[in-house]
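Trainee: Here it is, the structure in full.
Residue numbers (this note's numbering): 1021 to 1718.
This is the structure in structure tokens:
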């Protein structure tokens, strides 16, 4: 056996029907798994799903057998779960991942999980259990991880045999687990990248993963420090490391991650990426912002993004850049974790950590970076001795060349772009993050399109991910939806991105379960005019509403004092354009009815042509007797706003009051807002990407 195979084998487990822990016949053997931390096993959701309803309802419903014993385990986290636990087993889409608690397996050796996305292409080994030859046994093969296709890691050169699903995929060059066997197709196999673990953080109870990953790193540090422990991943990785390699030395890395394991975890990926990009900009002395949006959930993953750091255009790389970056990052992490969560920090361990950073900086860091680290840790020591501390006081010396754009992880807003229909009535989609009002990062796209009634279904998960990435500190990401005009009445502010039953269940209700518009700014923008440079009328009217008191005017010319059109022929489009063009720049068109079809659509088109950036309307069907009250309320709301930005708060408060039966009486709800300033994306941004490919199951 190779050194890597020798280390993988004791970590492998077979997943079987609960009982005596062994698979006496073919039907009771479900698949493979592997230990990632003491007492914690990783496998595919479709493997444990073979147990049916008992797996999702019972505490101990998964049989586990490994080199050191046999017992039953509990599925703690899984994605996806079957929608109906008593029904079909489900389609087991990606990420197809499950975390199993195996009490009594705390002594089982664990694999080393990569701290970053796979480097493609890569020679890999595939491991797992199988009964392909009749008797159950371990299987091992060599393949190539040839591509990342959406959420799938594609494998070529070795066919995945039945039963190895849930087993590890090991990068032979770096000595790390980068994926998990999932299934095979006609020409290639598919694995789940180990970075899919991040998706479990968003599952209910996912915060346990912080504990699991901390135990993973402490396990490997303990084995590295114990010569009697036998073969360990860190020493093997050191032997695999090529002379002059630019990645982080495995011995230094395992000690660093051991220190990280004792710190409170980051509050989200934004906190990690903020520090990563500060460090990159300081060390390479350039405004540095990656075009790829990363999603780190742990401090260790932030360090993983600094491996092999080099100056732009420097293809050789310099080892000192990576060491400088990692040590400066470690100092910033110590400061942020300690000052954001002072009650959760073990002061003795923090002193050990900062002393270790100082020692390593003295040995390895360049003088300028060493001075930065000394100043940062000195301020940290001063601040932690006070009762009132803020993160800003220990931001540390940073390059004056670091721009706002370089701080990925700074507040971002979410852009939802729904294109004009293709293939009949199917609308292409994309979701992006907007930094500083101008830097756009794509997260999701679907250019094949979906039907109008499928928009919520397909956007729900990408929206949830984008909002989590956009939130930063006290900033809540807003949602700006670029829509074709015929979709202006789609109720985005009523969409919920959490489970539907959480909204009605008091035990499950929280800030994540409520409709988007009750918590966040949700506005509609016109996709057509945003695809072109802004017109002079649009710019002038935006200046008019930006900081002046707002007033209300009728979107449709037939509106009367009673708030609804009189019977008869509706106002023509050009007549409406002339009237709307003559409105004062601070006057906001208001309409008691939908604008995605009929006369409302014509009037909205005229308002957009006239340059209006703000419009309020009521999109639902209703009794026209309520329209007068709607116009009165809209006028009051605009008067209280004081300007365009002030409108957000007034609309949100109205939506909250309308949603509560105790405060809704007399109020007219279902209000929609066009809030469309010029000079913001998507004009000039990148095209949509091709659709992602899924892989079949075993």
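In this text, a Cβ means the ideal position worked out from N, Cα and C, and glycines have one as well. None of the values given here were measured: they were computed from a predicted structure.
#1: Give the secondary structure of residue 1139 by DSSP, where H, G and I count as helix, E and B as strand, and everything else as coil.
#2: Would you tell me roughly how many angstroms separate the C-alpha atoms of residue 1694 and residue 1564, rounded to the nearest one?
#3: Between which two residues does the alpha helix (DSSP H) holding residue 1599 run?
#4: Under three-state DSSP, which class holds residue 1443?
#5: Straight-line CA distance for residue 1233 to residue 1221?
#6: Rounded to a whole number of angstroms, what is the C-alpha to C-alpha distance between residue 1140 and residue 1164?
#7: Under the rule that 16 or more other beta-carbon atoms within 10 Å means buried, what is residue 1567, buried or exposed?
#8: Out of 1373, 1293, 1652, point me to the one whose CA is closest to residue 1282's CA.
#9: By a C-beta neighbour count over all protein chains shown, 10 Å radius and 16 as the cutoff for buried, is residue 1134 buried or exposed?
#10: Please report the distance separating the alpha-carbon of residue 1719 from that of residue 1437.
#11: Where residue 1655 and residue 1504 are concerned, what is the direct C-alpha to C-alpha distance, given to the nearest angstrom?
#12: So, under 8 Å CB-CB, residue 1637 and residue 1536 are touching, yes? Tell me the CB distance rounded to an integer number of Å.
#13: Are residue 1059 and residue 1103 close, meaning C-beta to C-beta below 8 Å?
#14: Under the three-state reduction of DSSP, which class applies to residue 1054: helix, strand or coil?
#15: So, for residue 1340: in the same chain, excluding its five sequence neighbours on each side, which residues have a beta-carbon less than 7 Å away from its beta-carbon?
#16: Do you know offhand how far residue 1699's Cα is from residue 1554's?
#17: Who are the near neighbours of residue 1099 in its chain, counting only those whose CB is closer than 7 Å to its CB and skipping five residues on each side?
#18: Is it true that the CB of residue 1662 sits closer than 8 Å to the CB of residue 1569?
#19: Hey, out of 1460, 1166, 1181, whose CA is closest to residue 1157's CA?
#20: With residue 1177 and residue 1159 assumed to form a contact (beta carbons below 8 Å), what rounded beta-carbon distance in angstroms separates them?
#21: Kindly indicate the opening and closing residues of the alpha helix (DSSP H) around residue 1130.
#22: Hey, out of 1628, 1390, 1353, 1179, whose CA is closest to residue 1562's CA?
#23: Do the segment 1030-1041 and the segment 1078-1097 meet, that is, are 3 or more Cβ pairs less than 8 Å apart?
#24: Using the C-alpha atoms, what's the distance from residue 1635 back to residue 1326?
#25: Whose C-alpha, out of 1547, 1599, 1483, is nearest the C-alpha of residue 1506?
#26: Could you tell me the distance, in whole angstroms, from the CA atom of residue 1108 to the CA atom of residue 1071?
#27: Would you check if the segment 1276-1294 and the segment 1488-1500 touch, i.e. whether three or more CB-CB distances between them fall below 8 Å?
#28: Buried or exposed for residue 1474, please, with buried defined as at least 16 other CB atoms from any protein chain shown within 10 angstroms of its CB.
#29: Can you give me the start and stop residues for the beta strand (DSSP E) that residue 1489 sits inside?
#30: Output needed for residue 1541: all residues of its chain with C-beta closer than 6 Å, excluding positions within five of it in sequence on either side, in chain order.
#31: Please list the segments of the alpha helix (DSSP H) lying wholly inside the segment 1640-1698, counting only runs of 4 or more residues, in order along the chain.
#32: What is the rounded straight-line gap between the Cα of residue 1051 and the Cα of residue 1256?
#33: Would a C-beta distance cut-off of 8 Å place residue 1145 and residue 1124 closer than the cut-off?
#34: Between residue 1075 and residue 1095, what straight-line distance do the alpha-carbon atoms span, to the nearest angstrom?
#35: Measure the alpha-carbon distance for residue 1175 versus residue 1515 and round it to whole angstroms.
#36: Rounded to a whole number of angstroms, what is the C-alpha to C-alpha distance between residue 1460 and residue 1435?
Mentor: Well, looking at it:
#1: Assigned with DSSP and collapsed to three states, residue 1139 falls in coil, not helix or strand.
#2: Note on geometry: alpha-carbon atoms of residue 1694 and residue 1564 lie some 16 Å from one another.
#3: Element bounds for residue 1599: 1593-1601.
#4: The three-state secondary structure of residue 1443, taken from DSSP, is coil.
#5: The alpha-carbon atoms of residue 1233 and residue 1221 are separated by roughly 11 Å.
#6: Residue 1140 and residue 1164 have their alpha carbons spaced roughly 9 Å apart.
#7: Exposed, because fewer than 16 other Cβ atoms sit within 10 Å of the Cβ of residue 1567.
#8: Comparing Cα-Cα distances from residue 1282 to each of 1373, 1293, 1652, the minimum goes to 1373.
#9: So residue 1134 ends up on the buried side.
#10: With the chain covering 1021 to 1718 only, the question about residue 1719 has no answer from this structure.
#11: Going from the Cα of residue 1655 to the Cα of residue 1504 covers about 27 Å.
#12: 18 Å between Cβ atoms; not a contact.
#13: No, the pair does not count as a contact, with Cβ atoms beyond the cut-off.
#14: DSSP, reduced to helix, strand and coil, places residue 1054 within a strand of the structure shown.
#15: For residue 1340, where only same-chain residues beyond five positions count, the Cβ hits under 7 Å are 1386.
#16: A direct Cα-to-Cα measurement between residue 1699 and residue 1554 gives close to 7 Å.
#17: So the list reads 1065, 1115, 1117, 1219, 1220, 1223, once near-sequence residues are dropped.
#18: Yes.
#19: Its Cα nearest to that of residue 1157, the residue 1181 stands out among 1460, 1166, 1181.
#20: So it is not a contact: roughly 15 Å between Cβ atoms.
#21: No alpha helix (DSSP H) holds residue 1130; DSSP gives it neither H nor E.
#22: Nearest C-alpha to residue 1562: 1628.
#23: By the C-beta criterion, the segment 1030-1041 is judged to be in contact with the segment 1078-1097, since at least 3 inter-stretch pairs fall below 8 Å.
#24: Spanning the two alpha carbons is a distance of roughly 46 Å.
#25: Looking at 1547, 1599, 1483, the one whose alpha-carbon comes closest to that of residue 1506 is 1547.
#26: Below a pLDDT of 50, predicted positions are generally treated as unreliable, and residue 1108, at 48, falls in that range; no measurement from the model is reported.
#27: Pairwise C-beta distances place the segment 1488-1500 in contact with the segment 1276-1294, as three or more of them are shorter than 8 Å.
#28: Its Cβ having fewer than 16 others within 10 Å, residue 1474 is exposed.
#29: Per DSSP, residue 1489 belongs to no beta strand (DSSP E); it is in the alpha helix (DSSP H), 1475-1490.
#30: Only 1498, 1668 meet the Cβ criterion.
#31: You should have 1647-1661, 1667-1679.
#32: Taking the Cα positions, residue 1051 is about 28 Å away from residue 1256.
#33: With respect to the 8 Å criterion, residue 1145 and residue 1124 are not classified as neighbours on the basis of their beta carbons.
#34: Whole-angstrom Cα-Cα distance: 7 Å.
#35: Distance between the alpha carbons of residue 1175 and residue 1515: 38 Å.
#36: Rounded to whole angstroms, residue 1460 to residue 1435 spans 9 Å at the Cα level.
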